[in-house]
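Residue numbers for the sequence shown follow the numbering used here, so the first one is 94 and each next one is one higher.
The beta-carbon is built from N, C-alpha and C at its ideal position, and this holds for glycine as well.
Below is one structure; the comments refer to it alone.
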Amino acid sequence: MTYKDKYNDWLKKADSDTIKELEAIKGNEKEIEDRFYKTLDFGTAGLRGVMGAGTNRMNKYVIGQTTQALARYVIEQGMEKRGAVIAYDCRIKSDEYAKQSATVLAANGIKVYLYESLRSTPQLSYSIRKLNAATGINITASHNPKQYNGYKVYWEEGSQILDDIADAIAENISRIDPFNDVKTVDFNQAVKSGQITMLGKDMDDMFIEEVLSLTLNDDIDKDVKIVYTPLYGTGLVPVTRILRERGFHNVTVVEEQKEPDGTFPTTPYPNPENVKVFEIPLKYGKKTDADMIIASDPDCDRIAMMIKNDNNEFVFCTGNQTGALLAEYMLSQRKEKGLYSPKDAVVQSIVSGSVVPKIAKHYGTHFFETLTGFKYICGLANQFEKTGEYRYVFGYEESIGYCIETFTRDKNGVSAAMMMCEMAGYYKKRGITLYEVLTEIYEKYGYMTENQISVEYPGIKGAKIKKHVMSQWRKKPLLKISGIKCSVCKDYINGYEGLPAQDALKYEFEDGSWYALRPSGTEPKLKVYINAMGRSRKEADDLVKVFTEDISDYLAKCEK
Numbered sequence: 094m095t096y097k098d099k100y101n102d103w104l105k106k107a108d109s110d111t112i113k114e115l116e117a118i119k120g121n122e123k124e125i126e127d128r129f130y131k132t133l134d135f136g137t138a139g140l141r142g143v144m145g146a147g148t149n150r151m152n153k154y155v156i157g158q159t160t161q162a163l164a165r166y167v168i169e170q171g172m173e174k175r176g177a178v179i180a181y182d183c184r185i186k187s188d189e190y191a192k193q194s195a196t197v198l199a200a201n202g203i204k205v206y207l208y209e210s211l212r213s214t215p216q217l218s219y220s221i222r223k224l225n226a227a228t229g230i231n232i233t234a235s236h237n238p239k240q241y242n243g244y245k246v247y248w249e250e251g252s253q254i255l256d257d258i259a260d261a262i263a264e265n266i267s268r269i270d271p272f273n274d275v276k277t278v279d280f281n282q283a284v285k286s287g288q289i290t291m292l293g294k295d296m297d298d299m300f301i302e303e304v305l306s307l308t309l310n311d312d313i314d315k316d317v318k319i320v321y322t323p324l325y326g327t328g329l330v331p332v333t334r335i336l337r338e339r340g341f342h343n344v345t346v347v348e349e350q351k352e353p354d355g356t357f358p359t360t361p362y363p364n365p366e367n368v369k370v371f372e373i374p375l376k377y378g379k380k381t382d383a384d385m386i387i388a389s390d391p392d393c394d395r396i397a398m399m400i401k402n403d404n405n406e407f408v409f410c411t412g413n414q415t416g417a418l419l420a421e422y423m424l425s426q427r428k429e430k431g432l433y434s435p436k437d438a439v440v441q442s443i444v445s446g447s448v449v450p451k452i453a454k455h456y457g458t459h460f461f462e463t464l465t466g467f468k469y470i471c472g473l474a475n476q477f478e479k480t481g482e483y484r485y486v487f488g489y490e491e492s493i494g495y496c497i498e499t500f501t502r503d504k505n506g507v508s509a510a511m512m513m514c515e516m517a518g519y520y521k522k523r524g525i526t527l528y529e530v531l532t533e534i535y536e537k538y539g540y541m542t543e544n545q546i547s548v549e550y551p552g553i554k555g556a557k558i559k560k561h562v563m564s565q566w567r568k569k570p571l572l573k574i575s576g577i578k579c580s581v582c583k584d585y586i587n588g589y590e591g592l593p594a595q596d597a598l599k600y601e602f603e604d605g606s607w608y609a610l611r612p613s614g615t616e617p618k619l620k621v622y623i624n625a626m627g628r629s630r631k632e633a634d635d636l637v638k639v640f641t642e643d644i645s646d647y648l649a650k651c652e653k
């Protein structure tokens with residue numbers, strides 16, 4: 094069917110509210126085409142899109158169709174009796190989509206465990222493993238703007254699905270009519286009959302107990318001053334509870350961003366990777382003379398922090414810097430406490446920084462690189478668990494995601510928050526700031542300055558330009574910057590060094606600097622990651638500017 098045929102089909106079959114929305118765009122060919130020219134892509138990150146009517150939007154018909162497809166796959170695998178766990182975040186319609194998903198699974202004979210109110214992503218991952226469920230659904234668009242919602246699918250290990258499962262579910266989606274083929278039951282009736290079981294405090298308590306068990310050192314200054322913002326999301330309850338139970342009593346929560354609110358009134362783009370998100374928390378930090386400010390995203394899988402520099406000014410820590418601090422603290426503590434094993438392994442993504450591999454080597458810990466995405470990082474944790482050859486101790490990616498345990502298999506902003514604060518308390522008791530530790534890391538392992546170029550390519554035209562840029566770069570890449578030559582070219586499109594295929598390019602230079610390109614899997618963007626190495630901070634800072642300028646100019650040429 095053409096996009097016009099699909100539009101007319103929805104006008105005939107959808108409910109009255111959806112028809113009203115679609116009638117309002119009659120005659121607007123560009124808008125109709127954008128809503129119906131394709132089905133919202135389903136991949137390893139599930140679904141993510143703007144909410145609204147249409148096949149290329151997040152709405153109840155797309156949710157129903159996708160859940161029916163997932164149900165068929167679970168049944169095909171003979172796993173329906175093990176059930177499914179469903180969680181959701183603070184976003185508009187997240188609770189509705191979660192309940193709808195529960196009724197579709199229940200109608201297909203799959204036992205459902207649904208959280209009674211919003212919960213964080215790591216809690217969902219934990220619950221799947223704890224309940225020995227077959228699968229899990231998280232209704233969240235993570236850190237995207239308020240217009241978005243999403244649908245993440247997890248598998249039995251508690252990690253997001255890999256390509257083979259995603260492809261099978263996508264194939265099922267293509268064969269399901271959202272108006273006629275989706276089974277459903279009455280929600281209240283399904284709860285009453287036991288088809289749907291509500292999860293709450295008992296599961297929360299078990300999760301918190303597991304996080305507390307990660308404590309590495311209690312000889313710390315628990316008076317460390319902390320400012321925390323959940324950015325209107327799911328982190329408020331678990332993060333404040335874990336810090337309280339860990340003994341941190343100087344925790345100030347940002348009042349304006351405390352209560353769950355899917356409109357994100359003070360942060361239109363609630364992504365803690367963006368330093369602008371810290372505008373209000375920074376005021377709290379200055380007012381309370383805090384040692385650190387931490388912010389989690391709406392589903393509390395990602396977390397970022399600001400710390401004080403030598404001039405007592407707050408500075409933002411990138412994901413790579415926080416990753417280096419956590420790796421240094423955790424690996425040194427594990428050695429000191431006799432927890433080290435020759436099987437210990439650290440994992441990071443191919444676009445993460447150059448320092449953590451050196452820290453791992455220093456502590457005699459194995460180091461592994463995976464494709465971008467925690468499904469791959471925790472995929473290795475799953476593999477290690479099966480073979481016993483290695484023991485996963487820490488994984489991270491530059492986009493402020495960290496997993497410091499094995500009882501979840503995804504980014505965990507709750508356990509990372511606890512470890513960040515423990516780390517700050519440990520060094521403060523010894524008269525050292527986190528900034529001083531970071532400086533020592535650079536002096537020991539080499540200075541690294543990073544930058545990221547993110548170019549938006551919205552709509553049908555944008556998707557074509559993005560594809561063209563990657564094609565042009567493959568044909569004729571930028572191989573010399575500031576007189577430094579590229580020594581290794583890595584193209585992951587057909588897989589590389591045993592890694593699965595992914596549309597990504599990486600160019601490593603003679604001095605240890607590198608840059609990488611990849612289209613975002615969740616947004617209409619092309620991302621360029623830059624890591625510049627230097628013998629001093631200034632040398633690395635100067636070099637990253639040259640890399641950024643040259644790559645930006647070359648990007649513009651490739652767009653033509």
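How about residue i and residue j: do their beta carbons lie closer than 8 angstroms?
i, j, result
"residue 632", "residue 540", "yes"
"residue 329", "residue 351", "yes"
"residue 288", "residue 199", "yes"
"residue 615", "residue 128", "no"
"residue 618", "residue 564", "no"
"residue 397", "residue 421", "no"
"residue 464", "residue 545", "no"
"residue 320", "residue 378", "yes"
"residue 414", "residue 255", "no"
"residue 214", "residue 504", "yes"
"residue 419", "residue 516", "yes"
"residue 370", "residue 324", "yes"
"residue 115", "residue 133", "no"
"residue 139", "residue 243", "yes"
"residue 207", "residue 291", "yes"
"residue 624", "residue 488", "no"
"residue 634", "residue 542", "yes"
"residue 578", "residue 603", "yes"
"residue 608", "residue 640", "yes"
"residue 381", "residue 451", "no"
Quick one: what does DSSP say residue i is sitting in, helix, strand or coil?
i, result
"residue 397", "strand"
"residue 374", "helix"
"residue 381", "helix"
"residue 628", "coil"
"residue 333", "helix"
"residue 612", "strand"
"residue 512", "helix"
"residue 493", "coil"
"residue 339", "coil"
"residue 534", "helix"
"residue 485", "strand"
"residue 208", "strand"
"residue 259", "helix"
"residue 521", "helix"
"residue 202", "coil"
"residue 619", "strand"
"residue 600", "strand"
"residue 457", "coil"
Compare the C-alpha of residue i against each of the options and name the closest.
i, options, result
"residue 483", "518, 430, 461 and 500", "461"
"residue 301", "500, 493 and 522", "500"
"residue 308", "507, 183 and 263", "507"
"residue 610", "438, 585 and 143", "585"
"residue 441", "315, 402, 519 and 416", "416"
"residue 172", "340, 135, 291 and 205", "205"
"residue 297", "220, 96 and 230", "220"
"residue 263", "162, 245 and 361", "162"
"residue 571", "533, 556 and 642", "642"
"residue 402", "451, 527 and 285", "527"
"residue 313", "521, 627 and 202", "521"
"residue 236", "376, 169, 393 and 130", "393"
"residue 668", "238, 147, 241 and 248", "The structure shown does not extend to residue 668, since the chain spans only 94 to 653, so no value can be given for it."
"residue 385", "107, 282, 341 and 426", "341"
So does residue i have its beta carbon nearer than 7 angstroms to some heavy atom of the ligand COA?
i, result
"residue 98", "Looking for the ligand COA in the displayed structure turns up nothing, as the structure carries no ligands at all."
Jot down the residue ranges of each uninterrupted beta strand (DSSP E) in the region 101-188, minimum 3 residues, whole runs only, in chain order.
-> 140-143 and 177-181
Within the chosen definition, does the region 219-228 reach the region 160-180 through at least 3 CB pairs nearer than 8 angstroms?
-> yes
Are at least three pairs of beta-carbons, each pair with one atom in the region 331-345 and one in the region 503-513, less than 8 angstroms apart?
-> yes
Which runs of the beta strand (DSSP E) spanning at least 3 residues fall entirely within the region 419-450, listed in chain order?
-> 437-442
List in chain order: all unbroken beta strand (DSSP E) runs of 3+ residues lying wholly within the region 280-364.
-> 289-292, 319-322 and 344-346
What are the uninterrupted segments assigned as beta strand (DSSP E) that are 3 or more residues long and contained completely in the region 534-588, given in chain order?
-> 540-549 and 577-584
Using 8 angstroms as the threshold, is the region 142-158 in touch with the region 263-277, meaning 3 or more CB pairs across them?
-> yes
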